[in-house]
Each structure stands twice: as structure tokens, then as C-alpha cells.
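Worksheet: the structure to be examined is printed underneath.
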Amino acid sequence: MQFEPVIGLEIHAQLATQSKIFCSCSTQFGKPPNESTCPVCLGLPGALPVLNRRVVEFAIRLGLATHCTIRLDSQFARKNYFYPDLPKAYQISQFDRPICENGWLDIEVDRQTRRISITRIHMEEDAGKLVHEEDGDSSFVDLNRAGVPLLEIVSEPDLRTPEEAKAYMEKMHSIVTYLGISEGDMEKGHFRCDANVSLRPIGQEKFGTRTETKNLNSFRFVQQAITYEIARQTEELLDSKRIVQETRLWDSVKKNTYSMRSKEEAHDYRYFPDPDLPVVRISSDFVEQIHNQLPELPDAKKQRFMESFGLSTYDAEVLVADKQVAEYFEEVVAAKADPKLVCNWISGELMRLMNENKVDIRNVGIPAKSLASLIQFLQEGSISGKIAKTVFEEMVKSGKDPATIIEVQGLKQVSDEGALRGLLETLLSNNPKQVEQFRAGKTQIKGFFVGQVMKETKGQANPQIVNQLLEELLNG
808 MQFEPVIGLE IHAQLATQSK IFCSCSTQFG KPPNESTCPV CLGLPGALPV
858 LNRRVVEFAI RLGLATHCTI RLDSQFARKN YFYPDLPKAY QISQFDRPIC
908 ENGWLDIEVD RQTRRISITR IHMEEDAGKL VHEEDGDSSF VDLNRAGVPL
958 LEIVSEPDLR TPEEAKAYME KMHSIVTYLG ISEGDMEKGH FRCDANVSLR
1008 PIGQEKFGTR TETKNLNSFR FVQQAITYEI ARQTEELLDS KRIVQETRLW
1058 DSVKKNTYSM RSKEEAHDYR YFPDPDLPVV RISSDFVEQI HNQLPELPDA
1108 KKQRFMESFG LSTYDAEVLV ADKQVAEYFE EVVAAKADPK LVCNWISGEL
1158 MRLMNENKVD IRNVGIPAKS LASLIQFLQE GSISGKIAKT VFEEMVKSGK
1208 DPATIIEVQG LKQVSDEGAL RGLLETLLSN NPKQVEQFRA GKTQIKGFFV
1258 GQVMKETKGQ ANPQIVNQLL EELLNG
């Protein structure tokens, strides 16, 4: 029997507001435990929440960017459950009246475009954090994160492969960072998701029993966890075992999921409207005002890069996936550097450095003007591609600009035709046997002469001029 995976993602994006969703406590990451707390986020009796206006604005931005319908009268609800890092014993979220509904997002996998429907986007508060003692049996509660604003983005179960799930999450991450509503730092938990996975026989409409894998905080983990779950559930079904509806966790070291608890349904949370918060009423004019302020989003930027700079679909996709990378690219091009060369250097050398040092492009150590200067030297033939890489490595080490490095180290390319002609004439005169071999049809011997020139000039001879002169002299 062949099975079809059915996948849906619930993405949580932490919003880049200065204060929490229902109080004025700071959202700054890394403060000492329980320093950013007050009676509201501690859940003390008598404390009343007050909604942060920026959270509503950010929710509307994302809803518009993902083609959602914006509800003008959304409502908060209490989601009741007990956990040590949830002091009120309920989370303030939204249930049957979310702020955004019925949207969609297009993704591309293997050059095929698929439209993934978005059920809802709703506002809610985050819980606190448990810090477990490594060598003991104690856990400590840090409530700095309690009340930090989140948007939960719930997709329809339209995804069918782990690759699609990864592409969808990457696209959503690009959008929230382009909009400026989230920093998207996955290591800090700013952007994470829960993956719902079930299997059904191919051709069957009814969904199978699903599992939910919680708190996946990297694109790679999402793909790996879903791949594992598909394989695990397939094996269970082929062994005639029953899939249990449960919440699971991903072990990134062992590369497997494991059971955490049985999965709750909506009725288990006993949702009801929060009596301390009024209905959130917004006007259509307010929505239109936010719509008019939306920035250029990844798909539009990708199309512009292809049309304005002559980039391929793949190159444009690589650049626009990260807002900072796209902005850096445009800064380098604005300094009169060839767009295709700029793209090659960013997707090659700069992204290698970013991955090795785990930094973003603004902290990689190469200012946009410096890269533009290096590429200009390359364009005008002052240095070769090989020397350009040498200069680049020195730029990374020393922080010096390309012009200084080229001047001090004497790396400027030799393009003087007279000097190169004289050098080649001497080489041909000293190697008559190789000249005869070339003229007898052994044309690959030309590489010998090019190598000798490069050796004599320490790799600084202009290869284009060398090849041109060689053709003239050998065939003369």
C-alpha cells in the first residue's frame, strides 16, 4: 500500500515590539531571569491586561502580505491549561474570531509552484521558560518571556512533502523579516513551528491520525523531523499498528522524534472569551493605511531583480530570501559593480563566510563599497579572478580596502601588451620544440606557454591578452 503524507504547519513568530502584548515590560532578550516581569505577566490577582496597539498593526501587516481577510472585530479568548511556566494557568490567545483568516502563500519546489492556504493568523502571548538543571532533578522558571507577543500562523494541511514544508517556512520567515515585524532569530526562538503530520492511502480523501512535533526552530530540523515522522508512521501502518494522536519532540542529535504527551483537542482547552479584554475593533481605513505602507516583499523584489539586473530565477531567489542580503546586493550594484558578478560573489564567498562564522551579511566584515571596489578592479582587468580571491581573503583578515591591498602587495594585473609580447617572444624562442608540436596540430601545448607566462609574472599576467598574443605569435 502506498501512503500520501498530509502536512500542516503552525508557525509562531515573536513580534519585534519593545514591550509585551498586555503590559509595558521589556521584550529584550537575555536579561537576568524574572527581571522583565510585573503583576500582569506574573498573573497576579487583580492585574488587568491592556492590549499593545503595535501588535495589532503587525498582525494586519502580515495578514495583508499573505492575502488574508482582516477581521474588523476580532476577540481574545482564554486557552486553559496548566504548566509551570504559565502562571495564570491560561494563555490569552484568539479562538473563533482571529484577526486574519483565509489567506495563501505560493511556494516553489523543484521549479513547481504550489499555493498553500492559510487558515488563520492570530495574536497571542508567549509562555515563560523552564530551565532544567543539567545534573539534578530540579527545574527553574524564568518568566521574562511570559507575555511576549506572538503571531501564530496556521496553514491548511496542503503540504505534501518535507521539502514543501521547509520552503513554506523559509518563505514565511522572509515575509515577516521584510515586513519588519519580527527579527526572525531562530536561535533565540523568535521564529519556530509545530509540524502536524499524518498519512493516508493514496486516493483516500479522509485524513489519517496526525502527530504534532513541537518547537522546531530551524528550516533543516523541520525537514528532518517530518521526513522521520513519515518513515516512522509508514512503518507503523505497514506493521498494522495504530498511529496515536500525540505531541512529539525532535531530538536533533539522534535525528528522531519521541513522544511528549497525548495531543489535546480544542475542547480540552475550554476556550471562552476573555472577560478582561474588549473586542478589538478596527476600521477599514486603518487597514488601508497599513496596506499603503507595506514594503516591497520577496516575490516583487525577485521579479524586479530579474527584470532590472538580468538575473536568473535561481540567482534572484537566493538574493531575496534574506532581506539584508538583498539590500546589500543593491548597495554594491549602486556603486557601479556588475550585477551578475556581485551575485556570484555574494552567493559564493560571502555566504561561505556567513555560514562559517554564523553571522549575517552586515557582520561578515566586507562593507558593500569594498566589495564594489574589488569587483570594479576585476571588471576593468586590473586584477584576475584568482588574484581577486587573494585580495578578498586579505580584506577579511585585515579589514583593508582592495586598492590598498593591491598597491601594497603589488598585485595589479599585467596588461601591457608590449611587455607581454616581449615575454612571449622570448618563451617561444627558448622552446622551439613545443612551437613545432603546436604547429603540427598538438594545440593543447598552448597551455604550457600560458603556464610559463603566469609563472614568470607570478600569476599577474592578463590571461585574455596572453591568449590573444599567443594565438597571433604561434600562428604567425
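Sequential numbering from 808 applies to the sequence shown in the working numbering. Using N, Cα and C, we set each Cβ at its ideal position, and we do this for glycine too.
Problem set entry | Member of Leu1178, Gly1172, Ile1213, Lys1176 whose CA lies at the smallest distance from the CA of Ile1190 | Position 383 of the sequence shown, counted from the start, is the residue given in the question as residue 1190. Closest in alpha carbon position to Ile1190, among Leu1178, Gly1172, Ile1213, Lys1176, is Ile1213.
Notebook entry, point to check: Which one of Glu977, Leu1044, Leu1006 has the shortest CA to CA distance from Asp992?
Noted result: Translated into the one-based positions of the sequence shown, residue 992 becomes position 185. Out of Glu977, Leu1044, Leu1006, the CA that lies nearest to the CA of Asp992 is found in Glu977.
Sequence-distant residues of the same chain with beta carbon closer than 6 Å to Arg921, five excluded per side = As a working mapping, residue 921 is identified with position 114 in the sequence shown. Here Arg921 has Ile914 as same chain residues with Cβ atoms under 6 Å from its own Cβ, once five neighbours each way along the sequence are excluded.
- [ ] Can you tell me which of the three DSSP states Ser946 falls into?
- [x] Sequence index remark: in the sequence shown, residue 946 carries index 139 (1-based). Correct three-state label for Ser946: strand.
When the Cβ atoms of the stretch 1010 to 1019 are set against those of the stretch 844 to 855, are three or more pairs found closer than 8 Å? Taking a cut-off of 8 Å on C-beta distances, the stretch 1010 to 1019 does not touch the stretch 844 to 855, as fewer than three cross pairs fall below it.
(request) Taking 8 Å as the threshold, find out whether the stretch 830 to 848 comes into contact with the stretch 943 to 956 through three or more Cβ pairs. (result) The stretch 830 to 848 makes contact with the stretch 943 to 956: 3 or more CB pairs, one atom from each, lie closer than 8 Å.
**Request:** Only counting runs of 3 or more residues, tell me where the beta strand (DSSP E) segments fall wholly within the stretch 1007 to 1085, in order along the chain.
**Result:** DSSP runs (the beta strand (DSSP E)) wholly in the stretch 1007 to 1085: 1018 to 1023, 1053 to 1058, 1063 to 1069.
For this session: Determine the closest residue to Gln1244 out of Ala1226, Leu1281, Lys995, with distance taken between C-alpha atoms.
Result: As a working note, residue 1244 is residue 437 in the sequence shown. It is Leu1281.
task: For the alpha helix (DSSP H) holding Phe1116, just list the boundary residues, first then last.
output: Position 309 of the sequence shown holds residue 1116. Where Phe1116 is concerned, the enclosing alpha helix (DSSP H) stretches over 1105 to 1116.
Contact check, Leu893 vs Glu931, beta carbons under 8 Å: As a position in the sequence shown, residue 893 is number 86, starting the count at 1. As a position in the sequence shown, residue 931 is number 124, starting the count at 1. No. Outside cutoff.
Report buried or exposed for His1074, applying the criterion of at least 16 other Cβ atoms within 10 angstroms of its Cβ. For the purposes of this step, residue 1074 is taken as the residue at position 267 of the sequence shown. Label assigned to His1074: exposed.
If you reduce the DSSP assignment to three classes, tell me which class Leu822 lands in.
In the sequence shown, the residue the question calls residue 822 occupies position 15. In this structure, Leu822 counts as coil in the three-state DSSP scheme.
- Query: Among Leu1160, Glu971, Leu986, Pro905, which residue has its Cα nearest to the Cα of Thr824?
  - Reply: Your numbering for residue 824 matches position 17 in the sequence shown. Of the listed residues, the one whose Cα sits closest to Thr824 is Leu986.
For Ser1189, the three-state DSSP class (helix, strand or coil): One-based indexing of the sequence shown puts residue 1189 at position 382. Three-state result, Ser1189: coil.
Does the beta-carbon of Phe1112 have 16 or more other beta-carbons within 10 angstroms, so that it is buried, or is it exposed?
-> Your numbering for residue 1112 matches position 305 in the sequence shown. By the neighbour-count criterion, in which 16 or more other beta carbons inside 10 Å mark a residue as buried, Phe1112 falls on the buried side.
Distance, Phe1199 Cα to Glu1114 Cα:
For the purposes of this step, residue 1114 is taken as residue 307 along the sequence shown, with counting starting at 1. For the purposes of this step, residue 1199 is taken as residue 392 along the sequence shown, with counting starting at 1. Glu1114 and Phe1199: Cα-Cα distance of roughly 29 Å.
Checklist line | Close-in-space but distant-in-sequence residues of the same chain around Leu1104 (CB under 7 Å, 5 per side omitted) | finding: Sequence index remark: in the sequence shown, residue 1104 carries index 297 (1-based). Take Leu1104, set aside five residues on each side of it, and the residues of its chain with a beta-carbon closer than 7 Å to its own are Ala872, Ile982, Tyr985, in chain order.
**DSSP bridge partner residues for Lys886 (one or two, in chain order)** = Here the question's residue 886 lines up with position 79 in the sequence shown. Beta-bridge partners assigned by DSSP to Lys886: Gln898.
* Asked: Quick check: the stretch 1028 to 1039 against the stretch 1048 to 1068, are there 3 or more CB pairs under 8 Å?
  -> As far as the Cβ criterion goes, the stretch 1028 to 1039 touches the stretch 1048 to 1068, which means the pair count is three or higher.
- prompt: For Thr1120, which three-state DSSP category applies?
  reply: Walking along the sequence shown from the start, residue 1120 turns up at place 313. Helix at Thr1120.
**Asked** Hey, out of Met1161, Glu1201, Tyr1121, whose CA is closest to Val1171's CA?
**Response** As a working mapping, residue 1171 is identified with position 364 in the sequence shown. When only C-alpha atoms are compared, the closest one is Met1161.
Self-check item: Counted within 10 angstroms of its Cβ, other Cβ atoms place Tyr890 as buried (16 or more) or exposed
Solution: For the purposes of this step, residue 890 is taken as the residue at position 83 of the sequence shown. By the neighbour-count rule (16 or more Cβ atoms within 10 Å), Tyr890 is not buried but exposed.
| query | Can you tell me whether Phe1079 is buried or exposed, with buried defined as 16 or more other CB within 10 angstroms of its CB? | reply | Translated into the one-based positions of the sequence shown, residue 1079 becomes position 272. Exposed is the call here.
When the distance is taken between beta carbons, is Ile1173 closer than 8 Å to Asn1148? Taking the first residue of the sequence shown as 1, we reach residue 1148 at position 341. Taking the first residue of the sequence shown as 1, we reach residue 1173 at position 366. Before going further, note that residue 1148 is Leu rather than Asn in the sequence given. Against a cut-off of 8 Å, the Cβ pair of Ile1173 and Leu1148 comes out as no contact.
Touching by the beta-carbon criterion (3+ pairs, under 8 Å), the stretch 858 to 877 and the stretch 906 to 913 | The answer is yes - the stretch 906 to 913 touches the stretch 858 to 877, with three or more Cβ pairs under 8 Å.
Looking at the structure shown, is Val961 part of a helix, part of a strand, or coil, going by DSSP?
As a position in the sequence shown, residue 961 is number 154, starting the count at 1. Here Val961 sits in strand by DSSP.
Distance check for Gly1254 and Glu1279, CA to CA, integer angstroms please. As a first step, residue 1279 must be located in the sequence shown, where it is residue number 472. As a first step, residue 1254 must be located in the sequence shown, where it is residue number 447. Their Cα atoms are separated by approximately 15 Å.
Sheet register partners of Asp933 (DSSP bridge): The residue labelled residue 933 in the question sits at position 126 within the sequence shown. Answer by DSSP bridge pairing: none, since Asp933 is not bridged.
Q) When we look at the beta-carbon of Asn1107 and count the other beta-carbons within 10 Å, is it buried (16 or more) or exposed? A) Against the sequence shown, residue 1107 aligns to sequence position 300. Rather than Asn, the amino acid found at residue 1107 in this sequence is Ala. The residue in question, Ala1107, is exposed, as its Cβ has fewer than 16 Cβ neighbours within 10 Å.
Item checked: Any chain D beta carbon closer than 8 Å to Gln1183 -> Absent here is chain D; the protein component of the structure consists of one chain.
Going straight from the alpha carbon of Glu1071 to that of Ala1002, what length do you get? The count along the sequence shown starts at 1 and reaches residue 1071 at position 264. The count along the sequence shown starts at 1 and reaches residue 1002 at position 195. Rounded to whole angstroms, the gap between the alpha carbons of Glu1071 and Ala1002 is 15 Å.
Ordered along the chain, which non-local residues of its own chain (more than five positions away) have a Cβ less than 6 Å from that of His819?
If you number the sequence shown from 1, residue 819 lands on position 12. Within the same chain, Cβ atoms closer than 6 Å to the Cβ of His819 are found at Leu957, Glu959, Arg999, the five residues on either side in sequence being excluded.
Query raised in the report: Per DSSP, Asn1282 forms a beta bridge with which residues?
Result: On the sequence shown, position 475 is the one that residue 1282 refers to. DSSP lists no partner for Asn1282.
### Query
In this structure, does DSSP put Gly870 in helix, strand or coil?
Within the sequence shown, the letter at position 63 stands for residue 870. Gly870 falls in the helix class under three-state DSSP.
- Query: Distance, Cα to Cα, Ser833 vs Ser826?
  - Reply: As a working note, residue 833 is residue 26 in the sequence shown. As a working note, residue 826 is residue 19 in the sequence shown. Computed Cα separation, rounded: 5 Å.
task = State the DSSP-derived secondary structure class of Cys1000, mapped to helix, strand or coil.
result = In the sequence shown, residue 1000 corresponds to position 193, counting from 1. Note: Cys1000 maps to strand in three-state DSSP.
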